[in-house]
Amino acid sequence: METDGTHDRNSYLNYFSGLYRRNKKLLMVSFSIYFLSVIAGIMLALFLSGPVSSYLTTMVQTDRQFLSEKGFNFLTIFSHNLFSLVLTFVGGITAVITVIFIIINGFVYGAFLGYVASNPVIGGQASSVGSLTPLKFIVYTVPHGIFEISGFIIAGAAGLRLSTIIIDIIRKDEESNYYYNQIKDALALFGIAVVLIFIAAIIETNVTLHIGNFIFQHL
């Protein structure tokens, strides 16, 4: 006989598997835009290092100033990423804004990776871990980046779901239940994205640096 706990777990699994199936195409679109933006960032950093260097230097200096004022802590990182996440989601009202935010996030990561491959120092002392080599960049971003990047990709899909809802409203007259289910999917995706960046902020402020230091102490 199936217990209540088993039934609840099965219900959750069925819901999330259904959520994935219904939004698989949008998740793939969001992932593809992000991935291509990363590649574009790497290529531009390698072959147009001058403009990219200026852009990254300005970004690093701005981030340093922001963190020096607010402090490097969970609340600062989470609130900063949550703001970007909300804009990515709400931007789905126009579709274009969501796509732009996905592109920017992917491009910046790719540009950093491509630039440090040819120039290990960005704007002087690049980071708290010294000269930022490609290996260091990856090691000091992957632990929290897995969750953070996944969160932004899913938020992008949620924003694109909003776009499809608006297009459906304009093009055809569906029953209210149809729009309710679509909006529920968009909010569910956004909720998952928030949870992921919440986890990412915890890892970034409490775990990532220790993992990176441990790895490089034993290399």
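So in the UniProt record's numbering, spot 183 of the sequence shown is number 183, and the numbers just go up one at a time.
C-beta: ideal position from N, C-alpha, C; glycine also.
Assign V38 to one of three DSSP states: helix, strand, or coil.
-> Helix.
Three-state class that DSSP yields for Y63 in the structure shown | Here residue 63 is Asp; the residue named in the question, Tyr, does not match the sequence. DSSP places D63 in the helix class (H, G or I) of the three-state scheme.
Would you tell me roughly how many angstroms separate the C-alpha atoms of G191 and V86, rounded to the nearest one? The straight-line gap from Cα to Cα measures roughly 11 Å.
What runs of the alpha helix (DSSP H), each 4 residues or longer, lie entirely inside the stretch 161–215?
Whole alpha helix (DSSP H) segments, 4+ residues: 176–206.
Endpoints, the alpha helix (DSSP H) within which F78 is located = Start and end: 74–90.
_Less than 8 Å between C-beta atoms, sequence neighbours within five positions excluded: which residues of the same chain meet that for R22?_
Excluding positions up to five away in sequence, the list reads D185.
- How should A126 be labelled, buried or exposed, when 16 other C-beta atoms within 10 angstroms of its C-beta is the threshold for buried? Any reading at A126 needs caution, since the residue's pLDDT is 44, under 50, leaving its predicted position unreliable; the model's value is listed next. Buried is the call here.
Practice item. Let me know if residue 237 comes out buried or exposed under the rule of 16 or more other beta-carbons within 10 Å of its beta-carbon. Key: Outside the displayed range of the chain (1 to 219) lies residue 237, so it cannot be described from this structure.
- Task: Starting from T141, follow the alpha helix (DSSP H) in both directions and report where the run begins and ends.
- Result: No alpha helix (DSSP H) contains T141, which DSSP labels as neither H nor E.
Notebook entry, point to check: Distance, Cα to Cα, V139 vs S11?
Noted result: Pairing V139 with S11, the inter-Cα distance amounts to about 37 Å.
- Query: To which residues of the same chain is residue 230 closer than 7 Å at the C-beta, ignoring the five residues directly before and after it?
  - Reply: Shown here, the chain extends from 1 to 219; a query on residue 230 therefore has no answer.
Next item on the list: Can you say whether E148 is buried or exposed, counting buried as having 16 or more other CB atoms within 10 angstroms of its CB?
Entry: Burial call: buried.
query = According to the Cβ coordinates, are I146 and A200 closer than 9 Å?
reply = Yes, Cβ-Cβ distance for I146 and A200 is below 9 Å.
If you count every other CB in all the chains shown that lies within 10 Å of the CB of R9, and 16 or more means buried, which is it?
-> That one is exposed.
DSSP on Y56, reduced to helix/strand/coil? One detail in the question is off: residue 56 reads as Leu in this sequence, not Tyr. DSSP, reduced to helix, strand and coil, places L56 within a helical segment of the structure shown.
Provide the residue span of the alpha helix (DSSP H) that contains A95, from first to last. Going by DSSP, A95 is part of no alpha helix (DSSP H) at all; its letter is neither H nor E.
Report yes if the C-beta distance between I203 and G114 is below 9 Å; otherwise report no. No, Cβ-Cβ distance for I203 and G114 is not below 9 Å.
message: Once the 5 residues before and after V207 are set aside, which same chain residues still bring their CB inside 8 Å of it?
response: Around V207: P143, H144.
Cβ-Cβ distance between L160 and S30 below 9 Å: Result yes, Cβ atoms of L160 and S30 sit closer than 9 Å.
Point to revise | G71 - DSSP class collapsed to helix/strand/coil | key: Reduced to three states, the DSSP call for G71 is coil.
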